[in-house]
Amino acid sequence: MSGKLLDKEKKSGLASAIIIGLSGAIGFEIFVLLNYAYFNLSGPSMISALIFCGLINLTTMLSYSELSAAIPEVGGEYTYTKVAFGGIISFMAGSLRWLASVFGGALAALVFVEQLGSLFSILLPSITDLILINGSLLIIGIIIILVILAVRGTEAASTIIVVAFLAIFLIFLSMSVTYTLTPQNIVPEASPGSIASFFATTAYIFPMFVGMRALVAGAPQIRNPGKNVPRALLVSTILLTVVYFAVAYIGVGVVNPTEADAGPLLNVAASRIMGTIGGVLFSLAGIIASVSSMGTAMMVQSSLLGGMSRDGYLPKVLQKVHKRFGTRYVAIFASSLCMIFFGTSGAVVFLGYAASFGSLLVFALVNLSLIKLRRKMPRLKRPFTSPFYPLTPFVGIVMSVLLLVFPLVLRDVNAESAIISSLGLVAIVFVTYYLRMVVREIDFDRLRVAVGGASFGSGVTIMVLGPTIVPPSLFPFILLVGAVSVIAGILNIVAARTKN
Amino acid sequence: MKISRVPATIIGVVQCVIAVIAMVFMLMLYFNMLQVQTIFNLPPELLPFYLIVLGLFSLISIISGGYLVLRGQK
Numbered sequence: 001m002s003g004k005l006l007d008k009e010k011k012s013g014l015a016s017a018i019i020i021g022l023s024g025a026i027g028f029e030i031f032v033l034l035n036y037a038y039f040n041l042s043g044p045s046m047i048s049a050l051i052f053c054g055l056i057n058l059t060t061m062l063s064y065s066e067l068s069a070a071i072p073e074v075g076g077e078y079t080y081t082k083v084a085f086g087g088i089i090s091f092m093a094g095s096l097r098w099l100a101s102v103f104g105g106a107l108a109a110l111v112f113v114e115q116l117g118s119l120f121s122i123l124l125p126s127i128t129d130l131i132l133i134n135g136s137l138l139i140i141g142i143i144i145i146l147v148i149l150a151v152r153g154t155e156a157a158s159t160i161i162v163v164a165f166l167a168i169f170l171i172f173l174s175m176s177v178t179y180t181l182t183p184q185n186i187v188p189e190a191s192p193g194s195i196a197s198f199f200a201t202t203a204y205i206f207p208m209f210v211g212m213r214a215l216v217a218g219a220p221q222i223r224n225p226g227k228n229v230p231r232a233l234l235v236s237t238i239l240l241t242v243v244y245f246a247v248a249y250i251g252v253g254v255v256n257p258t259e260a261d262a263g264p265l266l267n268v269a270a271s272r273i274m275g276t277i278g279g280v281l282f283s284l285a286g287i288i289a290s291v292s293s294m295g296t297a298m299m300v301q302s303s304l305l306g307g308m309s310r311d312g313y314l315p316k317v318l319q320k321v322h323k324r325f326g327t328r329y330v331a332i333f334a335s336s337l338c339m340i341f342f343g344t345s346g347a348v349v350f351l352g353y354a355a356s357f358g359s360l361l362v363f364a365l366v367n368l369s370l371i372k373l374r375r376k377m378p379r380l381k382r383p384f385t386s387p388f389y390p391l392t393p394f395v396g397i398v399m400s401v402l403l404l405v406f407p408l409v410l411r412d413v414n415a416e417s418a419i420i421s422s423l424g425l426v427a428i429v430f431v432t433y434y435l436r437m438v439v440r441e442i443d444f445d446r447l448r449v450a451v452g453g454a455s456f457g458s459g460v461t462i463m464v465l466g467p468t469i470v471p472p473s474l475f476p477f478i479l480l481v482g483a484v485s486v487i488a489g490i491l492n493i494v495a496a497r498t499k500n
Numbered sequence: 001m002k003i004s005r006v007p008a009t010i011i012g013v014v015q016c017v018i019a020v021i022a023m024v025f026m027l028m029l030y031f032n033m034l035q036v037q038t039i040f041n042l043p044p045e046l047l048p049f050y051l052i053v054l055g056l057f058s059l060i061s062i063i064s065g066g067y068l069v070l071r072g073q074k
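Going down the list, the protein sequences come from chains A and B. All the letters of the first sequence, read from the start, carry residue numbers 1 to 500 under this note's numbering. All the letters of the second sequence, read from the start, carry residue numbers 1 to 74 under this note's numbering.
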């Protein structure tokens with residue numbers, strides 16, 4: 001009896017669940033993703049895309065709620081796909097989630113440098129250039145410091161951060177009442193180009209909402225999760241959408257779409273409305289948010305790699321726990337190296353799209369898992385069931401796919417490079433799975449055929465596309481590279497077949 | 001169909017050399033050695049894309065070439 005009471009007291013209620021959801025979602029993304037969306041993609045109609053994002057997020061969060069209530073285990077989407085499909089699908093979900101987290105962490109590192117530069121441009125303008133020029137070194141430095149802290153198991157004070165953020169946003173909104181805003185048309189025009197831009201914007205700013213899954217991941221710590229988690233999700237989504245809408249609306253009303261060089265949208269808007277203190281406050285908020293997000297990303301990545309290693313998908317070394325601090329230090333180091341690699345590239349828009357695409361693919365897999373589990377385990381105890389089934393998971397899947405496709409329709413070169421890179425990394429995921437789970441049971445001939453096919457394909461691609469990309473002086477070399485790849489591919493396939 | 005060892009080894013070695021060149025070029029791009037980003041007029045936003053493409057190509061080529069070299073030695 002007393003044990004039950006203690007357990008009940010330990011668990012959080014609806015208010016804490018809402019805080020968990022908000023603290024997961026409100027982060028560095030608002031300080032960076034709005035810039036490209038507003039100045040380059042869709043202008044003021046970005047605000048409508050924010051509302052659309054909130055709605056799409058909610059449909060998939062309902063699927064998350066059902067799955068988390070039915071399978072109250074750590075691991076989130078990796079666990080759900082493992083129960084529903086197992087094998088390659090769960091490995092892919094875990095890997096994509098890890099990749100999205102790496103891209104998100106790298107983006108947070110870039111935001112850290114940008115906001116630090118913004119802060120010093122107000123307080124000490126003479127060293128702003130020094131900060132921006134040495135951005136890569138700063139990124140490496142901050143990630144190394146965070147790795148040491150993460151290895152020591154330091155937890156982020158997420159509740160304090162979310163309350164501080166909401167307070168800063170409220171001050172910003174209340175002070176904007178006295179400012180004369182420029183009216184903007186926030187509804188997208190009814191033209192094919194405008195609709196494509198609208199969807200591309202939705203895809204790009206989507207990571208601003210996905211952090212809400214922290215609420216689902218924390219479901220086992222919430223009292224009566226069957227009721228409280230869906231309620232908290234609904235309230236958090238509405239609150240978040242309202243806050244984002246209001247902040248972005250003010251930003252758009254203060255900063256002209258042609259002022260892209262003035263600086264980050266919200267920082268410029270805060271400086272104009274609140275003066276110097278506004279610029280300082282928003283820069284500090286951006287710095288704290290990015291550092292907190294990097295720390296969270298490292299813990300998520302180490303948890304995912306550890307889980308996949310435990311299930312035999314990845315080498316056991318990733319499970320190694322630090323003797324003194326009790327954290328998976330090898331997994332943290334491995335993930336941090338990837339974050340440094342992408343962070344120091346300085347490609348903000350690429351990383352924004354890449355993080356979004358990874359999350360969208362994971363969302364599609366989670367919705368598929370829900371449909372699969374309803375058929376595979378109809379008698380599974382479900383404290384919460386997603387309303388309007390199968391409409392909600394179906395809408396979630398369709399919207400995820402649409403958001404992946406529309407930036408490509410718009411021919412946004414950043415989106416194209418992000419999706420091709422993501423597909424390339426997915427290919428590595430497949431090869432890794434093949435090596436770990438299939439090859440060791442059969443033999444290396446199938447791998448040889450696969451590599452031969454990839455070599456043949458890359459050779460043909462190089463020979464066809466190469467001459468249109470490289471300067472004429474490099475034609476012979478490119479043709480040689482393509483021909484060697486094609487011949488090597490054929491030889492490998494033939495050799496593997498001959499042996500059989 | 002039987003594959004002659006010597007040509008297979010030569011192709012394997014050439015492919016491994018190409019893989020190493022691609023990897024070196026990837027590192028040169030990443031660290032902007034000899035100002036290669038400027039020489040090839042690469043927009044910074046597309047840098048990760050080129051790095052991933054070169055990395056994948058190197059990986060595939062080195063495994064494929066390695067197989068052919070190993071086959072030639074057996």
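In this text, a Cβ means the ideal position worked out from N, Cα and C, and glycines have one as well.
Those residues of the stretch 332 to 349 of chain A placed with their C-beta closer than 7 Å to a C-beta in chain B are Phe342, Ser345, Gly346, Ala347 and Val349, ordered along the chain. In the three-state reduction of the DSSP assignment, A/Ile71 falls in the coil class, being assigned neither a helical nor a strand state. At a cut-off of 8 Å, the C-beta of B/Leu56 has a neighbouring C-beta in chain A.
Separation of A/Arg379 and A/Leu373 (C-alpha to C-alpha, rounded to the nearest whole angstrom) is 10 Å. Under the DSSP assignment, A/Asp412 falls outside any alpha helix (DSSP H); it carries neither an H nor an E label. A/Ser473 carries a helical assignment under DSSP once its states are collapsed to helix, strand and coil. With respect to chain A, the C-beta atom of B/Ile52 has a partner C-beta closer than 8 Å. With a 10 Å radius around the Cβ and a threshold of 16 neighbouring Cβ atoms, A/Ser126 comes out exposed. Under the DSSP assignment, A/Arg223 falls outside any alpha helix (DSSP H); it carries neither an H nor an E label.
The straight-line gap separating the alpha-carbon atoms of A/Leu50 and A/Val464 is approximately 41 Å. Just so you know, the alpha carbons of A/Ala285 and A/Gly24 end up roughly 15 Å apart. Not one beta carbon of chain A lies nearer than 8 Å to the beta carbon of B/Leu42.
A/Ser271 and A/Thr81 do not touch by the CB rule: their CB atoms are close to 45 Å apart, not below 8 Å. Think of a sphere of 7 Å around the beta carbon of A/Ala454: the chain B residues whose beta carbon falls inside it are Ile60, in chain order. By the Cβ criterion, the stretch 197 to 212 of chain A is in contact with the stretch 45 to 62 of chain A, since at least three pairs of Cβ atoms, one from each stretch, lie closer than 8 Å. Contact check for A/Arg448 and B/Tyr67: beta-carbon distance about 5 Å, within the 8 Å limit, so the pair qualifies. Bounds of any alpha helix (DSSP H) do not take in A/Phe39, whose DSSP letter is neither H nor E. DSSP places A/Arg97 in the uninterrupted alpha helix (DSSP H) bounded by Gly87 to Leu123.
DSSP, reduced to helix, strand and coil, places A/Ser386 outside both helices and strands of the structure shown, so it counts as coil. Rounded to whole angstroms, the separation of the alpha carbons of A/Leu96 and A/Lys381 is 28 Å. Cβ atoms of A/Gly352 and A/Leu33 come within 8 Å of each other, at about 6 Å. The C-beta of A/Ala488 has 16 or more other C-beta atoms within 10 Å across all chains shown, which makes the residue buried.
Contact residues of the stretch 22 to 47 of chain B toward chain A are Pro44, Glu45, Leu46 and Leu47 (C-beta to C-beta distance below 7 Å). Taking all protein chains in view, the Cβ of A/Ala347 is crowded by 16 or more other Cβ atoms within 10 Å, so the residue is classified as buried. Boundaries of the alpha helix (DSSP H) harbouring A/Ile131: Thr128 to Ile133, taken from the DSSP string. DSSP links A/Ser12 through a beta bridge to A/Ile222. Taken in chain order, the whole alpha helix (DSSP H) runs of length 4 or more contained in the stretch 265 to 296 of chain A are 265 to 274. Taking all protein chains in view, the Cβ of A/Gln301 is crowded by 16 or more other Cβ atoms within 10 Å, so the residue is classified as buried.
In this structure, the beta-carbon distance from A/Met308 to A/Val102 does not fall below 8 Å.
Assignment of A/Asn228 by DSSP, reduced to helix, strand and coil, places it in the helix class. A/Leu173 and A/Leu22 have their C-alpha atoms roughly 18 Å apart. Under the 8 Å criterion on CB atoms, B/Val14 is classed as interfacial with respect to chain A. Note that the stretch 464 to 476 of chain A does not touch the stretch 19 to 31 of chain B; fewer than 3 beta-carbon pairs, one per stretch, sit closer than 8 Å. When C-beta atoms of the stretch 55 to 71 of chain A are compared with those of the stretch 396 to 406 of chain A, three or more pairs fall below 8 Å, so the two segments count as touching. Residue environment for A/Arg328: buried (at least 16 other C-beta atoms within 10 angstroms of its C-beta). The C-alpha of A/Pro407 lies about 8 Å from the C-alpha of A/Glu416.
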